[in-house]
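My numbering numbers the first residue of the sequence shown as 25 and each following residue consecutively.
A virtual CB, placed ideally from N, CA and C, is assigned to each residue, including glycine.
Note sheet for the following structure.
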Amino acid sequence: MALAEFLASLDKLAEQAQTAFRSADSLPALEVVRVELLGAKAGLLRRVQQGLGAVDQADKPAAGKRFNEVKQLIEGALADAQNKLAHGGEDVGDGLDVTVPGRPLRVGHLHPITQTICEMKDIMGRLGFTAVEGPEIEDDWHNFEALNIPLSHPARDPLDNFYLAAAGARPAQGETAGENLPPLLLRSQTSTVQIRVMEAGVAEAAKGGGLPPPVRIISLGRVYRPDTADATHYPMFHQIEGLLVDREVTMADLKSVLRLFCQSYFGGEDEVHVRFRPSFFPFTEPSVEVDMNWRDAQGNSSWMEMGGAGMVDPNVLRAVGYDPEQVSGFAFGLGVERICMRQHGITDIRALYQNDIRFLAQF
Ligand code: PHE
Numbered sequence: 025m026a027l028a029e030f031l032a033s034l035d036k037l038a039e040q041a042q043t044a045f046r047s048a049d050s051l052p053a054l055e056v057v058r059v060e061l062l063g064a065k066a067g068l069l070r071r072v073q074q075g076l077g078a079v080d081q082a083d084k085p086a087a088g089k090r091f092n093e094v095k096q097l098i099e100g101a102l103a104d105a106q107n108k109l110a111h112g113g114e115d116v117g118d119g120l121d122v123t124v125p126g127r128p129l130r131v132g133h134l135h136p137i138t139q140t141i142c143e144m145k146d147i148m149g150r151l152g153f154t155a156v157e158g159p160e161i162e163d164d165w166h167n168f169e170a171l172n173i174p175l176s177h178p179a180r181d182p183l184d185n186f187y188l189a190a191a192g193a194r195p196a197q198g199e200t201a202g203e204n205l206p207p208l209l210l211r212s213q214t215s216t217v218q219i220r221v222m223e224a225g226v227a228e229a230a231k232g233g234g235l236p237p238p239v240r241i242i243s244l245g246r247v248y249r250p251d252t253a254d255a256t257h258y259p260m261f262h263q264i265e266g267l268l269v270d271r272e273v274t275m276a277d278l279k280s281v282l283r284l285f286c287q288s289y290f291g292g293e294d295e296v297h298v299r300f301r302p303s304f305f306p307f308t309e310p311s312v313e314v315d316m317n318w319r320d321a322q323g324n325s326s327w328m329e330m331g332g333a334g335m336v337d338p339n340v341l342r343a344v345g346y347d348p349e350q351v352s353g354f355a356f357g358l359g360v361e362r363i364c365m366r367q368h369g370i371t372d373i374r375a376l377y378q379n380d381i382r383f384l385a386q387f
């Protein structure tokens, strides 16, 4: 046989093999093709190989070389086809090393303020206080009126509050849009939630006809005041509000709860001290500023102002429908950022809201 004829039969086989491998759509189908082409006894390659004997003696080395090349080509194509079918038809190529370790995923974690909030909920939960939420957009009644803050009070000053444009405001029940629209604002304090909770409690008691149920709640959330941002101020910050209403609640209960709270939060081995300074809030009487003293991670121990507190003013109890002769209560409102910052030795409140991962990843 002439060399050319032999080489042509090799080329034809190579082409046939490529097409057959490509059209096999499953591993069993591919196996059938493999036996047909490469089968040791009756495979087509074997048959072509037999033709090698008939090639002229002088052309044998060239023919043998080409035969081996084609054989390798077909075997390679078969391996590729097997690989591809084994991986769901994906062409994975030769470069895949399934033993290479994966790229580690960076797991995020809670913002330091959120961590502080969770811890506070936990501690107050153990003292029997349920966490509740209130809306951040509030009306005049809940942010001021029911909290005994009269119309003339400077706390209502537009310069001290984020009032919302009345155009977008929805009329309250029974009102027509635009007519004497009560202002809406971003709440300036979480004391709004006191009102909402007490109103709901009174409504429930009215349904049951019995006495108003005792109220023991905390509320943690954002409040807004148009302060210029500096190291200790930010136009949005968080407060923890506490409210307990029951029979015969006293200032001593207030102080005990705050002390227990601080002892659990910061205490560890050390003693934590709580100090009250006389103050004024329209919705509490008497009112106090709350200071706490504990040794922090940096070894500092000095008095820190935490917020305000007091006995719920009878006017507030009356506004929501309680009888101040029957029940009394205490309330407090503390700044969450302050506590968080002191705990971690953070010196600038703005760092908490710049979303710099390098800063946040430390907590
Ligand atoms: N709402 C007050 C403030 O934001 C804090 C406070 C809450 C005071 C409850 C007394 C009772 O400053």
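Simplified DSSP assignment, three categories, for residue i
i    : result
H297 : strand
V453 : With the chain running from 25 to 387 in the structure shown, residue 453 is simply not present.
A191 : Low confidence applies here, because A191 scores a pLDDT of 46, under 50, leaving its location unreliable and the question unanswered by this model.
N379 : coil
N107 : helix
Y258 : coil
P302 : strand
P310 : strand
Close beta carbons around residue i, own chain, < 7 Å, minus the five adjacent residues each side
i    : result
G359 : F261, Q263, M330, G331
R240 : G152, F153, T154, L268
A253 : P259, R374
S325 : N317, W318, R319
Cβ-based neighbour list, residue i, same chain, cut-off 6 Å, excluding 5 preceding and 5 following
i    : result
H257 : D251
A191 : Since pLDDT at A191 reaches only 46, below the 50 mark, its modelled position is unreliable, and the value read off the structure follows with that caveat. Excluding positions up to five away in sequence, the list is empty.
A44  : V57
G266 : I242, F356
Cβ neighbours of residue i in the same chain (closer than 8 Å, five flanking residues each side left out)
i    : result
Q40  : L61, L68
I161 : L188, L208, L209, L210, R211
Straight-line gap, residue i to residue j (C-alpha atoms, nearest Å)
i    : j    : result
A189 : R127 : 50 Å
A105 : V59  : 14 Å
A333 : R130 : 42 Å
D315 : R299 : 5 Å
I147 : F285 : 7 Å
P310 : G149 : 26 Å
V79  : A110 : 40 Å
F305 : P178 : 12 Å
L97  : A82  : 25 Å
Residue i and residue j closer than 7 Å at C-beta
i    : j    : result
N167 : D337 : no
V420 : L34  : Outside the shown range of the chain (25 to 387) lies residue 420, about which nothing can therefore be said.
S303 : V296 : no
V217 : S243 : yes
A101 : Q139 : no
Three or more C-beta pairs closer than 8 Å, one from the region 241 to 248 and one from the region 339 to 354: is that the case here?
no
On the three-pair Cβ rule with 8 Å, is the region 87 to 98 touching the region 27 to 35?
yes
Does the contact criterion of 3 or more C-beta pairs under 8 Å hold for the region 350 to 368 versus the region 273 to 287?
Result yes; three or more Cβ-Cβ pairs closer than 8 Å.
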